[in-house]
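Encoded as structure tokens, the structure appears first; notes follow it.
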């Protein structure tokens, strides 16, 4: 008599979804309120007090709405793409080849789209992103046998644009409208959070359309993509008019050589970005084959929201670290996070694991990704000029795309390496990224001397009071003499000494009792720096090292 063994497909415990939702809710509910309610908090170093909070909230909500629609389009093809290829009878070998064609297009064409975006305007390139999705959706909708190569190329180029253009456009518009610097950090983590939510929504939409819509033939994922693309085009064209850069390609190339290729700190940051993008791409390619190894039955569609939920939770941790109550510098935080991500991928590459442990490691990896993405965006704001930001991001993706293309050919086409080898290389890249962030910290923050035009200060009866707009170079004139200070230097000191540990009062015998921020006396700005450093001579020597002259204050 034979023994019949019934096996059920593994699925995550429903309590896991509840845990992620409650954790995200609690993390957001108890966030340090820095930018959403400026009236109830002490001013920080980047308070401008120029635009109202309502003006910023309108700007932020409009951008996040547009970004959410774009994320749904991006996630729709990510979820539906493999099913779509199988629906048209494409075998596994051709699927791998279509991936290779897509990454080749991203490598040889997408690498330079960031430079194009910096030159012609980010709004136009975002519009190009929507048009590419519109074209692919209409192509698949109206042709019975669409070309998978053409669709793969268009979607890969759209993904390349998505990785840099919306962020860069938001940063440029944010600075143009004069919003505070700390609100920009809030928008970074909200972008990661809304992107993850949109990806979950795109999965729900794709599942509904596949199981319900395609039975009637009235609506399909392609039709949904067309409608979303049209709606996104409407929103992009409705925003404020963008003024492209007046600089010629020659001037752009000179600045790019000086500030990107000529700055080793940007090289460290670019390698970290490339390592993260490579590890994320490797994960999404190999997570399903890893978890269903040895013929295990798993409901992958129920695990996918858990992974994105982990990313959502990780993004809500960003305000607590950078800067926040935990007072950990961004570079230090990323060193630890990269190490954790590398260890997770090393475990996945080393040995066979149970499904429950694999899902736990997957969620931990994506929680780290949710913290890393806004942190890298913050570092880009610190080290990369806005006018070069798109080109820097797209060029940093080139090594990742080249590595993915190489491993796809070796594994998927020639069968020369194993999945564990690819995961091991991804882990090695993350460990090297941790080393780069450590070197970036050791390099310190040095000023770029010609990013923006200088401005003058405002004076009142209390002395040399100044209000600094969001400029990279600021000219401050005091009664004691002239002083040139670059915001990049002040920002670097503030991240370490002021914003993480605000000093709200100074010596009443010599200075006013004012909060440390932009709108206070110059002496009350300088002395908190001195308190956190060795002594006044050390601070003066350091500023002289950067080519800055510090005047002697009365009483020094």
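Residue numbers (the numbering used here): 89 to 644. Just so you know, even glycine gets a beta-carbon here, dropped at the ideal spot from N, CA and C.
Applying the 10 Å Cβ sphere with the 16-neighbour rule, what's the burial state of residue 562? With a pLDDT of 35 at residue 562, under the threshold of 50, the modelled position of this residue cannot be trusted; read the value that follows with caution. That one is buried.
Going by the DSSP bridge assignment, what does residue 432 pair with across the sheet? Paired residues: none, contrary to the question.
List the whole-angstrom C-beta distance separating residue 433 from residue 515, where the pair is believed to meet the contact cut-off of C-beta under 8 angstroms. 4 angstroms
Per DSSP, which one or two residues make a beta bridge with residue 386? 98
Under 8 angstroms, with one C-beta from each stretch per pair, do the stretch 244 to 252 and the stretch 104 to 118 reach the 3-pair mark? no
Apply the 10 Å Cβ neighbour rule to residue 399 and answer buried if 16 or more other Cβ atoms are within range, or exposed otherwise. buried
When the distance is taken between beta carbons, is residue 369 closer than 8 angstroms to residue 161? no
Can you give me the Cβ contacts of residue 404 inside the same chain, cut-off strictly under 6 angstroms, excluding the 5 residues immediately before and after it? 112, 115 and 116
Reduced DSSP secondary structure (H/G/I, E/B, other) of residue 405: coil
Extent of the continuous alpha helix (DSSP H) run through residue 225: 210 to 230
Take residue 482 and list the residues in its own chain whose beta-carbon comes closer than 6 angstroms to its own, dropping the five residues that flank it on each side. 199, 201, 202 and 252
Rounded Cβ spacing between residue 511 and residue 357 (contact assumed at less than 8 angstroms): So it is not a contact: roughly 24 angstroms between Cβ atoms.
On the CB-based measure, 16 or more other CB atoms within 10 Å of its CB, does residue 560 come out buried or exposed? Confidence is the limiting factor: at residue 560 the pLDDT is only 35, short of 50, which leaves the residue's position unreliable, though a coordinate-based value still follows. Burial call: buried.
Across the stretch 149 to 168 and the stretch 286 to 301, are there enough close Cβ pairs to call them in contact, namely three or more that are closer than 8 angstroms? yes
By how many angstroms is the C-alpha of residue 271 removed from the C-alpha of residue 408? 14 angstroms
Cα-Cα separation, residue 212 to residue 196: 20 angstroms
Where does residue 468 fall in DSSP's three states? helix
Rounded to a whole number of angstroms, what is the C-alpha to C-alpha distance between residue 110 and residue 249? 33 angstroms
Same chain only: Cβ atoms within 6 angstroms of residue 461, ignoring 5 sequence neighbours per side: 280
Evaluate residue 345 with the Cβ neighbour count: other Cβ atoms within 10 Å of its Cβ, from every protein chain shown; 16 or more gives buried, anything less gives exposed. exposed
Taking residue 193 as the reference, which of 308, 490 and 518 has the closest Cα? 490
Drop a sphere of 10 angstroms on the beta-carbon of residue 149, count the other beta-carbons inside from all chains shown, and report buried for 16 or more, exposed for fewer. exposed
Look at the Cβ atom of residue 278, then the Cβ atom of residue 152, and state whether they are nearer than 8 angstroms. yes
If I'm right that residue 254 touches residue 155 with Cβ under 8 angstroms, what's the distance once you round it to whole angstroms? 6 angstroms
Given residue 416, which residues of its chain have a CB within under 7 angstroms of its CB, disregarding the five upstream and five downstream residues? 409
If we ignore side chains and look at the alpha-carbon of each, how far apart do residue 418 and residue 455 end up? 16 angstroms
Sequence-distant residues of its chain with Cβ nearer than 8 angstroms to residue 188 (five each side left out): 493, 496, 497, 500 and 501
Taking the continuous alpha helix (DSSP H) assigned at residue 526, which residues delimit it? 507 to 531
Whose C-beta lies closer than 7 angstroms to the C-beta of residue 100 among residues of the same chain, with five residues either side of it excluded? 390, 391, 394 and 447
Taking Cβ positions, are residue 406 and residue 363 nearer each other than 8 angstroms? no
Whole-Å CB distance - residue 449 paired with residue 436, under 8 angstroms assumed: 6 angstroms
Limits of the alpha helix (DSSP H) - the one that residue 271 falls within: 269 to 296
Nearest to residue 469 (by Cα), restricted to the options 396, 444 and 256: 256
Candidates 317, 457 and 445, of which the one nearest residue 428 by Cα: 457
Using the beta-carbon count (16 or more within 10 Å), is residue 175 buried or exposed? exposed
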